[in-house]
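Below is one structure, written out as C-alpha cells; comments come after it.
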Amino acid sequence: MAPKKVKQEVEAVSLGPTVRDGENVFGVAHIYASFNDTFVHVTDISGRETIVRVTGGMKVKADRDESSPYAAMLAAQDVAARCKELGITALHIRLRATGGTK
C-alpha cells in the first residue's frame, strides 16, 4: 500500500495593521497628474512607508496614452484593489497637478 498523504496546516497570514471592528485604517493617496503621466501613490499616515504605487504608464502600452483619463482610471482601480487587500478603509487624497496660465 502507498503511504497516506497528510495535509499540512497552513497558517493564515494577515497583511496590514491589526484593527478592531468598526475602526478605520487611514492611508494617504498622493495623486500627481502631469502632462506626460499620472501617478497614484498610497502611503501610510506618516508618508514614510509606501503601500502601493501605480502609474498610468504601467497600465497602457502606448506612450501617448500614459496621461489619458483612461490610464488614470486603470491605475486608480489597481490601487483600490490593493488597498482593500491590505485592509485600508479610508484615504486622505492629496492632489497635485500642473497648472495653466492661459
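Going by our numbering, the sequence shown wraps up at 106, each residue one higher than the last. C-beta: ideal position from N, C-alpha, C; glycine also.
Unbroken beta strand (DSSP E) run spanning residue i, endpoints
i, result
"residue 33", "30-37"
"residue 47", "42-47"
Sub-8 Å separation of residue i and residue j beta-carbons
i, j, result
"residue 33", "residue 78", "no"
Member of the options whose CA lies at the smallest distance from the CA of residue i
i, options, result
"residue 88", "31, 12, 9, 66", "31"
"residue 68", "82, 76, 40", "40"
"residue 61", "101, 43, 16", "43"
"residue 103", "6, 37, 58, 17", "37"
Three-state class that DSSP yields for residue i in the structure shown
i, result
"residue 52", "coil"
"residue 94", "strand"
"residue 57", "strand"
"residue 100", "strand"
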